[in-house]
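Residue numbers (the numbering used here), protein chains in the order written: chain A, 1 to 254; chain B, 255 to 508.
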């Protein structure tokens, strides 16, 4: 299923973005050694598959660069994007706790560089090390909060508000004033991630521009007034911008 | 915030539904003793509040009977039901891993009997006991799978399919033939749980009846052909009925 370009045995310790994750820092020394012996750096081309829903889960991945689309597909070929994961994220790391199978498909939304590691090593880590189990719990806690926010958004916000929320969150917590941002990936991918068909997305984007004066030109977005955009978006949400997770992320980076 | 009818100090060991949960079974003996000393059985009236979003989390709950509505509310009073939790479920048990605050509101959808326990004791259990941390991980894994299924449904299924899916899942995995089922709670609550306004729900229910010959009379539902309903519902889903979690639940009960 996977077409590989180079295929280099790699030591995870050589990759600072992996080494600094809470999950990796919590791993016992012997597990780190196992990972170093079984970790492979891969380049994966756009649209190539990393995981297939309901397949046995042998590998999980750490993204060094590029975007991974995690999705589910009906027999008719309709696709629900569950999430887009970027550099610094794990993919498929929960499978060993969820029946040892992948619960979704995953594919490269663009050319990827990833580290591939065996699920069995992570399973061993969590089952033998309390600190690894606690790190895994923190990961689940963050995932649950993200998913709950998205469920709320799908149930309460209309289409222009959901697009506005996506754009607003690119401002990374900046509270007011104007801002230029770049969309992280293409508009058609954003539309499916937000659960919209192409024509719904276009109409809703038009309404968002008219209401909040946001300008979108290809992948470039100009927000003339973050406060005005937040007022429009957060009217359909139980929280207010800047969202708590953005503030925490900014604090961690500071 | 909470109006209590009786207020009895209770030993969790006296409640088999709690005693048999994976989380409770994993607790070390000293933690069980702490819980026995701090657990209170409460009766909570319909619409009374158990948790307020963003409030410090002092207590979590175990539901003995009744339904709890977990929801979020915008400043304008619009409500997104995140989930309905029934007898045998915990409420607010994740808060100590999510910044020690409640991430949603929760209220009694009907008169409730619950056991109230301190979050601090659960926090101590998970931080000191590897087996408690692993039990908590299993709980998160099941929650993530439920939330992922709901995200998929909101993005892929139309309104009649979502209502049909809700009804189909009441058949508890029975694969074919006809079946009479009772809705677990009122239609207006089902509508908000599915993310629909009342009028959308009514129109979609009409379409579902026409297409699949399902009959709904008050809280009673007659499904003349489970296979026909499943064919209609699962066309918008990556999985097929009976869903994996229903099969696992039936196996656990067998």
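We put the CB at the ideal spot given by N, CA and C, even for glycine. Note that the structure is predicted; figures quoted are calculated from it, not measured.
Can you find a C-beta in chain A that's less than 8 Å from the C-beta of residue 419 of chain B? Closer than 8 Å: no.
Among A/90, A/119, A/164, A/159, the one whose alpha carbon lies nearest that of residue 101 of chain A: Looking only at A/90, A/119, A/164, A/159, the smallest Cα-Cα distance to residue 101 of chain A is reached by A/119.
Helix, strand or coil: how does DSSP classify residue 271 of chain B here? Under the three-state reduction of DSSP, residue 271 of chain B is assigned to helix.
In the DSSP assignment, find the unbroken beta strand (DSSP E) run with residue 118 of chain A in it and report its ends. 112-118 is the extent of the beta strand (DSSP E) around residue 118 of chain A.
List the residues that DSSP assigns as beta-bridge partners of residue 85 of chain A. Beta-bridge analysis with DSSP links residue 85 of chain A to A/68.
Extract the residue ranges of the beta strand (DSSP E) inside the stretch 116-196 of chain A, only unbroken runs of 3 or more that lie entirely within it. Runs found: 179-182.
Look up residue 31 of chain A in the DSSP assignment and give the residues it is bridged to. According to DSSP, which records beta bridges pairwise, residue 31 of chain A is partnered with nothing at all.
For residue 6 of chain A, count neighbouring Cβ atoms within 10 angstroms of its own Cβ and tell me buried if that reaches 16, exposed if not. Confidence at residue 6 of chain A is low in this model, with a pLDDT of 46, below 50, so its placement is unreliable and no value can be given for it.
Residue 233 of chain A lies in the beta strand (DSSP E); which residues open and close that run? Segment 226-234 is the alpha helix (DSSP H) holding residue 233 of chain A; no beta strand (DSSP E) there.
Would you check if the distance between the CB atom of residue 89 of chain A and the CB atom of residue 40 of chain A is smaller than 8 Å? No, the Cβ-Cβ distance between residue 89 of chain A and residue 40 of chain A is not below 8 Å.
Tell me the DSSP bridge mates of residue 215 of chain A? The secondary-structure analysis by DSSP pairs residue 215 of chain A across a beta bridge with A/222.
In whole angstroms, what separates the C-alpha of residue 224 of chain A from that of residue 242 of chain A? Taking the straight line from one Cα to the other gives about 17 Å.
Proximal chain A residues relative to residue 527 of chain B, where beta-carbon distance stays under 7 Å: As displayed, chain B neither begins before 255 nor continues past 508, which places residue 527 of chain B out of reach and without an answer.
Element boundaries [alpha helix (DSSP H), containing residue 277 of chain B]: Counting along the chain, residue 277 of chain B sits inside the alpha helix (DSSP H) bounded by residues 276-279.
When DSSP labels each residue in this structure, what does residue 205 of chain A get in the three-state scheme? Of the three classes helix, strand and coil, the one that applies to residue 205 of chain A here is helix, per DSSP.
Let me check one thing: in DSSP terms, what residues is residue 315 of chain B bridge-paired to? Paired residue(s): B/345, B/370.
From the DSSP output, in three-state form, read off residue 299 of chain B for me. Looking at residue 299 of chain B - three-state DSSP - the assignment turns out to be coil, as it is neither helix nor strand.
With burial defined as no fewer than 16 other Cβ atoms inside 10 Å of the residue's Cβ, what is the status of residue 436 of chain B: buried or exposed? Looking at its Cβ environment, which holds fewer than 16 other Cβ atoms inside 10 Å, residue 436 of chain B is exposed.
Leaving out five residues on either side along the sequence, give the residues of the same chain with a beta carbon under 6 Å from the beta carbon of residue 215 of chain A. By the criterion of a C-beta distance shorter than 6 Å, residue 215 of chain A is surrounded in its chain by 222, once the five residues flanking it on both sides are discounted.
Inter-stretch contact at 8 Å, needing at least 3 Cβ pairs: the stretch 330-348 of chain B / the stretch 299-308 of chain B: With the cut-off at 8 Å, the stretch 330-348 of chain B and the stretch 299-308 of chain B touch.
For the beta strand (DSSP E) that residue 309 of chain B lies in, which residues bound it at each end? From DSSP, residue 309 of chain B is part of no beta strand (DSSP E); its letter is neither H nor E.
So, with DSSP's three-state summary, where would you put residue 105 of chain A? If DSSP states are grouped into helix, strand and coil, residue 105 of chain A belongs with the strands.
Do residue 384 of chain B and residue 130 of chain A have their beta-carbon atoms positioned less than 8 Å apart in this structure? Yes; because the gap between Cβ atoms is below 8 Å, this pair is in contact.
Is the separation between the beta-carbon of residue 234 of chain A and that of residue 152 of chain A shorter than 8 Å? Taking a C-beta distance under 8 Å as the contact criterion, residue 234 of chain A and residue 152 of chain A do not qualify as a contact pair.
Have a look at residue 482 of chain B and residue 452 of chain B and give me their C-alpha separation to the nearest angstrom. The straight-line gap from Cα to Cα measures roughly 26 Å.
Which of helix, strand or coil does DSSP assign to residue 508 of chain B? In the structure shown, residue 508 of chain B falls within a coil segment according to DSSP collapsed to helix, strand and coil.
Would you check if the stretch 70-86 of chain A and the stretch 14-23 of chain A touch, i.e. whether three or more CB-CB distances between them fall below 8 Å? No: the two stretches stay apart, fewer than three of their Cβ pairs being nearer than 8 Å.
Taking the beta carbon of residue 29 of chain A as the centre, do at least 16 other beta carbons fall within 10 Å, making it buried, or is it exposed? Classification for residue 29 of chain A: exposed.
Please check if any C-beta of chain A sits within less than 8 Å of the C-beta of residue 354 of chain B. Chain A contact via Cβ: absent.
Spatial neighbours of residue 278 of chain B within its chain, please: C-beta separation below 6 Å, excluding the five flanking residues on both sides. Excluding sequence neighbours, residue 278 of chain B sits near 272.
Does the CB of residue 80 of chain A have a neighbour CB from chain B at under 8 Å? Answer yes: the Cβ-Cβ gap between residue 80 of chain A and chain B drops below 8 Å somewhere.
For residue 417 of chain B, the nearest candidate out of B/386, B/461, B/289 (CA to CA): For residue 417 of chain B, the closest alpha carbon among the candidates B/386, B/461, B/289 is that of B/461.
7 Å Cβ cut-off: residues of chain A touching residue 384 of chain B: Ordered by position in chain A, the residues that pass the 7 Å Cβ test against residue 384 of chain B are 130, 133.
DSSP state of residue 76 of chain A mapped onto helix, strand, coil: Three-state DSSP puts residue 76 of chain A in coil, outside helix and strand.
Can you confirm whether residue 143 of chain A, when its beta carbon is compared against all beta carbons of chain B, has any partner nearer than 8 Å? Yes - at least one Cβ of chain B is within 8 Å of the one on residue 143 of chain A.
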